[in-house]
Amino acid sequence: MYICRRRKLVMDYKAQVTNSILSVLNDELSSAEVYEKLEQPKTQTMGDLAFPAFALAKVLHKAPNQIAADLVAKIDQTSYEKVEAKGAYINFFLDKGQFSNEILTDIIEQGAAYGQNDNGKGGNVPIDMSSPNIAKPISMGHLRSTVIGNSIAKILVKNGYHPIKDNHLGDWGTQFGKLIVAYKKWGNEDDVRKDPINNLVKYYVKFHQEDKEHPELDDEARETFKKLEDGNEEEVYLWKWFRKVSLESFNKIYDKLGVTFDTYNGEAFYNDKMDEGIQILKDKGLLVESQGAQVVKLDKYNLNPALILKSDGATLYITRDIATAIYRDRTYKPAMNLYVVGSEQTYYFQQLKAVLLEMGLPSAENLHHIPFGLITVNGKKLSTRSGRIILLDQVLDDAIELAKKQIEAKNPDLPNKEEVAKEVGVGAIIFGDLKNERTNNIDFVLEDQLKFEGETGPYVQYSHARAESILRKAGTIDFHGADKALDDPAAWETLTSLKEFPAIIESACKDFEPSEVAKYALRLAKAFNKYYAHSKILVEDDQLGARLSLVKAVSIVLKESLNLLGVKAPDAM
RNA sequence: GUCGCAAUAGCUCAGCUGGAUAGAGCAACGGUCUUCUAAACCGUAGGUCGAGAGUCCGAAUCUCUCUUGCGACACCA
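For the first sequence, the residue numbers in our numbering are 7 to 579.
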């Protein structure tokens with residue numbers, strides 16, 4: 007309620023300009039048409055909002071330039087700084103003092119809640135994300151799913167949704183038969199305790215080496231997995247133990263990233279929940295035999311048949327995902343059901359959605375695959391077996407180490423250096439991942455990841471820290487009483503950037519695109535740094551309160567932008 | 001082979017539902033710290049927007065064809 011009321015207080019300048027134009031037209035265009043045609047000029051010299059007169063040329067049978075000039079002469083300019091015709095465009099320059107007063111008041115009143123909306127109306131949104139495999143290391147590939155999912159969850163909250171972050175662990179399947187066999191043959195408890203992931207991987211790799219010459223190992227693994235499925239004590243004990251130590255190891259990395267989960271419903275969780283989905287498919291007559299296997303035909307979706315059960319009756323990935331979808335549907339009544347999974351699975355998710363639609367699952371329509379691009383090294387796909395793997399933990403530590411060096415060089419007196427180094431180093435990695443469009447592929451180059459200058463996370467963090475530094479030096483400030491009508495042209499870009507934030511929040515949510523927030527944060531930081539470099543803020547004059555309000559507003563919005571990306575904003579660095 | 005995605009400055013990328021001279025960052029070169037943190041700021045240089053047609057008053061943006069790269073194509077996940 008509070009939020010909605012606040013939002014309305016910020017005047018919609020596009021609507022104001024639309025009205026100004028409509029007032030000098032004779033219904034040649036509708037209000038919506040004018041509103042839609044308004045655009046933001048590229049440079050400040052062309053004003054803040056512009057109306058192209060091309061559309062009127064046909065109706066009025068006059069040259070666009072002439073139309074623009076004629077209209078400007080008639081427009082009431084009192085509420086603008088100025089309105090002028092330039093070529094075929096009518097350029098509106100907003101009243102800076104009024105604009106500044108409104109936006110700064112709004113941000114300072116609302117604080118971190120600025121930009122919050124209630125579009126989601128509290129709807130549940132399960133997010134399938136991160137999803138590493140037990141007993142395997144977390145690589146840069148998992149980073150993407152983890153930080154994209156985490157950021158989308160935060161953006162969803164900002165839009166009034168209730169996300170449920172689900173780490174859909176790869177914790178079941180025949181590979182556990184292999185792992186248990188390998189552990190019994192070559193492993194020992196102490197090693198696994200000391201360094202679980204590396205040793206478990208070592209056993210697993212050794213199994214694959216050995217089974218080339220001893221194919222009987224595969225039979226043994228199959229039997230062992232059968233025992234695990236049947237609940238045999240020893241196998242279940244080992245499985246639980248592997249799962250536990252793996253999770254502990256994963257959680258150290260998640261802690262470093264600052265990512266938490268609401269549920270860890272992995273593949274094992276759904277293992278006993280697959281019958282229902284299969285039964286529904288059978289009941290609806292959707293399941294048909296094809297080459298010995300059970301499939302669902304998807305011709306009407308222009309998709310290949312989805313294979314549901316293997317010819318030996320065994321289940322597949324999709325069988326489990328159907329169970330997952332049913333479970334989520336029932337448990338959460340989801341407003342949306344999200345899967346943050348690599349783009350190589352796009353076709354698969356089309357099939358999954360189609361099957362769920364055929365089944366008549368209520369939330370099927372709102373299933374969204376949120377794909378992201380591949381991480382490669384020298385253009386080649388990562389794979390554990392070929393040794394082309396980049397350990398996320400190592401990359402994070404490298405980044406933290408570099409951040410530490412930077413602090414020693416630039417700000418050696420900084421208190422809590424360790425903590426800040428972690429926030430900056432990790433922030434660089436997360437921001438680096440999120441700043442570009444999700445679906446872009448990334449060829450991994452460590453040096454690129456460890457950049458702290460230019461368009462990076464640390465750049466935004468630094469801008470925020472500078473703002474905080476000024477506020478510290480200013481001492482106690484009465485923001486509520488301060489005049490906020492800042493009319494300094496040098497601050498204009500910063501002010502208009504601040505105004506953009508709520509729209510960015512909505513758009514990033516609609517597109518499931520954290521990069522929109524990251525790019526926005528860069529834009530705002532850049533505008534503020536420019537202002538900072540050219541204007542002295544801490545000067546005793548009648549605009550001091552207004553300037554400090556601007557700095558405060560920038561600090562609030564930069565911090566909140568970083569927060570939405572899952573990046574910390576230290577007050578000093 | 002079929003389907004999907006991409007191609008913009010030396011490199012990495014922006015460019016919103018088509019609109020005013022195509023923008024950043026990095027790298028290169030040159031400036032700016034006795035004054036709020038130089039992880040910053042300012043400037044110079046760098047482009048037939050993969051190619052070719054079409055639609056339109058107007059195309060990097062929309063349509064088609066081609067080229068190149070990546071991915072997906074049922075008993076893995």
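Quick reminder that beta carbons are idealized off the backbone N, C-alpha and C, glycines included.
For F248, the enclosing alpha helix (DSSP H) covers residues E239 to L263. In the three-state reduction of the DSSP assignment, R444 falls in the coil class, being assigned neither a helical nor a strand state. Rounded to whole angstroms, Q22 and L55 show a C-alpha spacing of 11 Å. In this structure I413 touches K423 by the C-beta definition: roughly 5 Å separates them, less than 8 Å. Counting only runs of 3+ residues, no beta strand (DSSP E) is found wholly inside the stretch 460–518. Taking all protein chains in view, the Cβ of P143 is crowded by 16 or more other Cβ atoms within 10 Å, so the residue is classified as buried. For A56, the enclosing beta strand (DSSP E) begins and ends at L55 to P58. Assignment of I396 by DSSP, reduced to helix, strand and coil, places it in the coil class.
Residue range Y95 to L100 is occupied by the beta strand (DSSP E) that includes F99.
Annotated as distal: D177 and M135, with beta-carbon spacing of 8 Å or more. Excluding the 5 residues flanking it on each side, V301 has same chain C-beta neighbours closer than 7 Å at V294, P311, A312, L313 and I314, in chain order. The continuous beta strand (DSSP E) containing N173 extends over residues H168 to N173. Taking 8 Å as the cut-off, the Cβ atoms of I113 and A59 do not count as close.
Excluding sequence positions up to five before and after K303, its CB lies within less than 7 Å of the CB of V294 and P311, all in the same chain and listed in chain order. When C-beta atoms of the stretch 20–35 are compared with those of the stretch 80–100, three or more pairs fall below 8 Å, so the two segments count as touching. Along the length of the stretch 262–303, whole beta strand (DSSP E) runs at least 3 residues long occupy 293–296 and 299–302, reported in chain order. Out of A118, K565, K218 and G179, the CA that lies nearest to the CA of Y465 is found in K565.
Rounded to whole angstroms, the Cβ separation of L554 and I448 is 40 Å, and the two are not in contact under 8 Å. In this structure V563 touches L530 by the C-beta definition: roughly 6 Å separates them, less than 8 Å. Inter-residue distance for L77 and A405 is about 57 Å (C-alpha atoms, whole angstroms). Membership of M135 in the beta strand (DSSP E) is indicated by the continuous run N130 to M135. Where K191 is concerned, the enclosing alpha helix (DSSP H) starts and stops at T180 to W192. Contact check for R199 against F378 fails: the beta carbons are separated by 8 Å or more. In the structure shown, I543 falls within a coil segment according to DSSP collapsed to helix, strand and coil.
In the structure shown, the three-state DSSP call for Y86 is strand. For T352, the uninterrupted alpha helix (DSSP H) run begins and ends at T352 to M365, by DSSP.
Distances from the alpha-carbon of G438 to those of S255, V401, E499 and A63 put V401 closest. In this model, E519 and L440 are separated by some 9 Å (Cα to Cα).
Nearest C-alpha to V265 among D335, F213, I170 and T152: T152.
For V560, the enclosing alpha helix (DSSP H) starts and ends at L550 to L571.
In the displayed model, I314 falls within a strand according to three-state DSSP. Taking C-alpha positions only, F57 is separated from A91 by approximately 10 Å.
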